[in-house]
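For reference, the structure discussed in these notes is given below.
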Amino acid sequence: MQNGHLLELRQVTKRFGGVTAVNCCSFELAPGKIYGLIGPNGSGKTTLFNCITGLEVREEGEIRFKGERIDGLKPHQVAHRGIGRTFQIIRVFPELTALENLLVVTWQPFDAAQDRAQELLRFVTLDRLQNEYAGNLSYGQQKLLEFARILMTDPELILLDEPAAGVNRTLLNELLQAIRNLRARGKTVFIVEHDMKVIMDLSERIFVLNYGEKIAEGPPGLVQSDERVIEAYFGR
Amino acid sequence: MRKVLLAALVIGSILLALYPMVATGYGIRFMLQLFMWVALAQSWNLISGLTGYVSFGHVAFFGTGAYTAAILVATHGWHWAPASFTGGIAGVVLALIIGYPCLRLKGPYFAIAMLGLNEVMRVLVSYFEGLTGGGLGISLPILYASIQIYYAMGLAAIAVTATAYLIISSRFGLRLMTIREDEIAAEAMGVDTARYKLYAFLLSAFIPGVVGGLHARDQGYIEPLSVFPLLTTITMIVMALFGGKGTVWGPVLGATMLFVFQELVWARFLYLHQILFGAIIVFVVLLMPRGILGVLQQRYHLSRSL
């Protein structure tokens with residue numbers, strides 16, 4: 363691992379036609395911490411996640427994971443390197459059962475996978491529904507299932523795209539606790555979130571994007587009072 | 406439940422194996438064609454039922470196999486069995502050549518590309534007269550082998566259904582289904598979707614090629630229009646949809662029910678049968694998109710490999 367960074371972005375740029383979605387972004391994530399990524403709608407947060415996970419190909423710049431270049435890899439290759447993600451819109455496999463949703467994402471032997479999947483379903487309180495089709499689960503349950511599916515792949519870096527959106531308070535607290543537990547187990551978490559309270563509570567360090575550019579970076583308290591951030595959110 | 410099914414399968418297979426001893430010529434031909442439809446519908450199920458990539462040109466593999474086998478038999482004097490097997494290999498080779506570019510296309514674009522493939526193949530065999538006889542077709546030497554072909558077709562149907570069973574009850578099959586469910590999520594979760602799709606496509610192209618070769622031998626004469634008809638693709642799709650795509654027994658059930666139904670109706674009402682067939686397509690697509698077994702599976706949580 364080069365200079366201790368888990369993930370490192372150098373001058374990453376991504377354009378869609380005339381729109382520069384991500385513009386010369388650079389930042390580093392150290393292992394074992396929770397990071398936040400915020401910014402107004404359309405500021406490039408999801409595009410940045412897509413570039414990291416290989417769903418979009420960055421046009422310029424370098425992305426390194428554990429010191430190795432991962433830009434240019436296919437999404438499944440990035441996943442096998444140890445980066446897992448959830449999506450802004452839920453993307454469970456609806457006509458597979460809850461249990462199958464977890465079994466398909468691991469390549470470990472079947473029996474071990476089955477045990478691990480059942481353990482994770484208990485962890486997210488879906489064990490009674492393991493043979494139910496994922497499409498029949500409620501929104502919150504699908505969200506939990508997607509979270510469990512990420513854990514099933516046991517990634518070192520977990521990208522969560524709006525984990526709190528549309529989740530009720532009780533479920534949210536469970537989810538936040540689960541994220542903290544991940545950190546306690548040495549995982550690195552990178553979260554995009556619109557709920558400011560959630561992200562300020564959770565993150566140790568926050569990056570702020572506006573029009574695809576990083577305009578601020580720092581601990582939550584500092585970022586909150588940064589003039590450029592306030593301006594980006596509320597206007598001058 | 407599983408034991409009952411297994412017992413029924415064994416008894417059914419034995420009865421079918423003994424059937425030629427008592428059958429009439431019509432009976433043999435009827436069953437032989439039924440086996441062919443089961444094999445075709447099940448092959449289509451392997452790619453389209455599992456990955457959701459709807460192949461609208463699967464008959465291209467059938468026709469390619471038919472021509473390969475017919476040429477080998479008629480001009481090189483091969484026995485029909487190895488010739489048909491080679492027809493299957495020709496199907497796989499074709500799938501390999503076109504699968505790589507075509508499987509990058511999504512949804513309707515893939516369906517249309519496959520439809521185009523079928524037209525291209527038909528034009529190609531018409532054009533290369535020296536090899537294929539062009540529009541005049543190929544006549545195979547006369548041979549009475551209905552009973553042997555009956556067994557060969559039966560074997561093809563069993564082989565592809567067994568393959569479907571093995572795939573659908575494995576994690577390989579589940580991963581193919583993730584492509585149907587949400588390809589982007591599947592990629593992000595580590596499934597090499599391009600490779601998996603290609604594997605499923607190659608598997609789905611082999612048996613249609615073999616069956617095409619057997620069909621050519623059985624008919625004794627083939628021409629471009631007779632082995633590349635769009636209707637054959639549509640029929641195998643409807644059979645698989647009617648029984649339940651993505652399940653092991655759906656295509657078998659769908660092919661059996663529709664073929665028997667078709668045979669009963671068309672002998673009596675030549676034109677009415679096409680209207681009825683169209684009505685079934687509309688009915689299935691609108692009211693029962695999952696098919697018979699698909700509906701039962703959702704309602705009673707039955708296994709896909711039941």
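Chains X and F are the protein sequences, given in the same order.
For the first sequence, this note's numbering assigns the number 363 to the initial residue and increments by one for each residue that follows.
For the second sequence, this note's numbering assigns the number 406 to the initial residue and increments by one for each residue that follows.
Idealized CB from N, CA, C, for every residue including glycine.
Interface residues of chain X facing T689 of chain F [CB-CB closer than 9 Å]: The residue labelled residue 689 of chain F in the question sits at position 284 within the second sequence. For the sequence presented, residue 689 of chain F should be read as Val rather than Thr. Simply none; closest approach about 17 Å.
Reduced DSSP category for Y458 of chain F - H, G, I as helix; E, B as strand; rest coil: As a working note, residue 458 of chain F is residue 53 in the second sequence. Residue state, collapsed to three classes: coil.
Cross-chain neighbours of L579 of chain F in chain X, by beta carbon under 7 Å: Within the second sequence, numbered from 1, the residue matching residue 579 of chain F stands at position 174. Under the 7 Å cutoff, chain X gives L458, E462, L465, V466.
Closest by C-alpha distance to L534 of chain X, when choosing among X:T515, X:D563, X:I396, X:R545: Locating residue 534 of chain X in the first sequence gives position 172, where the first residue counts as 1. Measuring from the Cα of L534 of chain X, the nearest candidate turns out to be X:D563.
V486 of chain X in three-state terms, based on DSSP: Counting from one through the first sequence, the residue named residue 486 of chain X turns up at place 124. Note: V486 of chain X maps to coil in three-state DSSP.
Whole-Å CB distance - R527 of chain F paired with P629 of chain F, under 8 Å assumed: Numbered from its first residue, the second sequence carries residue 527 of chain F at position 122. Numbered from its first residue, the second sequence carries residue 629 of chain F at position 224. With 8 Å as the limit, R527 of chain F and P629 of chain F qualify as a contact, their Cβ atoms being about 5 Å apart.
Among X:F411, X:L458, X:N403, nearest to T448 of chain X - alpha-carbon criterion: Numbered from 1 along the first sequence, position 86 holds the residue referred to as residue 448 of chain X. The shortest Cα separation from T448 of chain X among X:F411, X:L458, X:N403 belongs to X:F411.
CB contact check: N572 of chain X to chain F, cutoff 8 Å: Start at 1 with the first residue of the first sequence, and residue 572 of chain X comes out as number 210. So, not an interface residue.
N-terminal and C-terminal residue of the alpha helix (DSSP H) that S631 of chain F is part of: Taking the second sequence and counting its residues from 1, one reaches residue 631 of chain F at position 226. 629-632 is the span of the alpha helix (DSSP H), which, as asked, contains S631 of chain F.
is_contact[K376 of chain X, chain F] using C-beta, thresh 8 Å: Translated into positions along the first sequence, residue 376 of chain X becomes position 14. Chain F contact via Cβ: absent.
Buried versus exposed, by CB contacts within 10 Å (16 or more), T487 of chain X: Taking the first residue of the first sequence as position 1, residue 487 of chain X is located at position 125. T487 of chain X comes out exposed.
DSSP-derived helix/strand/coil call for M363 of chain X: Counting from 1 along the first sequence, the entry for residue 363 of chain X is found at position 1. Any answer about M363 of chain X is weak, because its pLDDT of 47 lies below 50 and its placement is not dependable; what the coordinates show is given next. Looking at M363 of chain X - three-state DSSP - the assignment turns out to be coil, as it is neither helix nor strand.
Simplified DSSP assignment, three categories, for I612 of chain X: The requested residue 612 of chain X is not part of the displayed model; chain X covers only 363 to 598.
Backbone CA spacing between G434 of chain X and N498 of chain X [nearest angstrom]: Translated into the one-based positions of the first sequence, residue 434 of chain X becomes position 72. Translated into the one-based positions of the first sequence, residue 498 of chain X becomes position 136. Taking the straight line from one Cα to the other gives about 36 Å.
Chain F contact residues for L417 of chain X, given Cβ-Cβ distances below 9 Å: Numbered from its first residue, the first sequence carries residue 417 of chain X at position 55. By Cβ distance, chain F contributes I589, E592, A593.
Cβ contact (3+ pairs, closer than 8 Å) linking the segment 583-592 of chain F and the segment 454-474 of chain X: yes
Per DSSP, the bridge partner or partners of R447 of chain X: If you number the first sequence from 1, residue 447 of chain X lands on position 85. Looking at the DSSP assignment, R447 of chain X forms a beta bridge with X:L521.
For L420 of chain F, the three-state DSSP class (helix, strand or coil): In the second sequence, counting from the first residue as 1, residue 420 of chain F sits at position 15. If DSSP states are grouped into helix, strand and coil, L420 of chain F belongs with the helices.
Beta-carbon contacts of F490 of chain F that lie in its chain and below 8 Å, excluding the five residues immediately before and after: In the second sequence, the residue the question calls residue 490 of chain F occupies position 85. Around F490 of chain F: V615, G618.
Q624 of chain F, enclosing beta strand (DSSP E) - first and last residue: The residue given as residue 624 of chain F occupies position 219 in the second sequence. Segment 598-624 is the alpha helix (DSSP H) holding Q624 of chain F; no beta strand (DSSP E) there.
Spatially closest choice to R567 of chain X from X:I451, X:F509, X:I553, X:E518, by CA coordinates: Your numbering for residue 567 of chain X matches position 205 in the first sequence. The shortest Cα separation from R567 of chain X among X:I451, X:F509, X:I553, X:E518 belongs to X:I553.
Cβ shell of H620 of chain F (< 7 Å), same chain only, five flanking positions each side left out: Indexing the second sequence from 1 puts residue 620 of chain F at position 215. M441, A471, listed in sequence order.
E586 of chain F at chain X interface by Cβ criterion, 8 Å: Walking along the second sequence from the start, residue 586 of chain F turns up at place 181. Yes, its Cβ sits closer than 8 Å to a Cβ of chain X.
Cβ neighbours of V530 of chain F in the same chain (closer than 6 Å, five flanking residues each side left out): The residue given as residue 530 of chain F occupies position 125 in the second sequence. Y472, T537, P629, listed in sequence order.
Spatial neighbours of A479 of chain F in its chain, beta-carbon cut-off 6 Å, leaving aside the 5 residues before and after: Position 74 of the second sequence holds residue 479 of chain F. So the list reads I543, L545, once near-sequence residues are dropped.
D623 of chain F versus I494 of chain F - alpha carbon distance: What you label residue 623 of chain F is simply residue 218 of the second sequence in a count that begins at 1. What you label residue 494 of chain F is simply residue 89 of the second sequence in a count that begins at 1. Distance between the alpha carbons of D623 of chain F and I494 of chain F: 19 Å.
Classification of V690 of chain F by the beta-carbon crowding that lies within 10 angstroms, buried from 16 upward: For the purposes of this step, residue 690 of chain F is taken as the residue at position 285 of the second sequence. Answer is exposed; the Cβ neighbour count stays below 16.
F509 of chain X - partner residues in DSSP beta bridges: Locating residue 509 of chain X in the first sequence gives position 147, where the first residue counts as 1. According to DSSP, F509 of chain X bridges with nothing at all.
Minimum C-alpha distance to F647 of chain F - residue among F:L663, F:T637, F:S418: In the second sequence, residue 647 of chain F corresponds to position 242, counting from 1. The candidate whose alpha carbon is nearest that of F647 of chain F is F:L663.
Closest Cα partner of R531 of chain X within the set X:K559, X:T408, X:G366: Looking up residue 531 of chain X in the first sequence gives position 169. When only C-alpha atoms are compared, the closest one is X:K559.
Exposure label - T429 of chain F; buried when at least 16 CB within 10 Å: Start at 1 with the first residue of the second sequence, and residue 429 of chain F comes out as number 24. Exposed is the call here.
Rounded separation between F569 of chain X and S405 of chain X - CA only: In the first sequence, counting from the first residue as 1, residue 569 of chain X sits at position 207. In the first sequence, counting from the first residue as 1, residue 405 of chain X sits at position 43. Spanning the two alpha carbons is a distance of roughly 12 Å.
Contact the segment 652-660 of chain F vs the segment 480-489 of chain F: 3+ CB pairs below 8 Å: no
Residues sharing a beta bridge with K376 of chain X, DSSP: Working through the first sequence from its first residue, we reach residue 376 of chain X at position 14. Partner(s): X:V384.
Per-residue contacts from M582 of chain F into chain X (C-beta, under 9 Å): Indexing the second sequence from 1 puts residue 582 of chain F at position 177. Within 9 Å Cβ-Cβ: F455, E457, L458, E462, V466.
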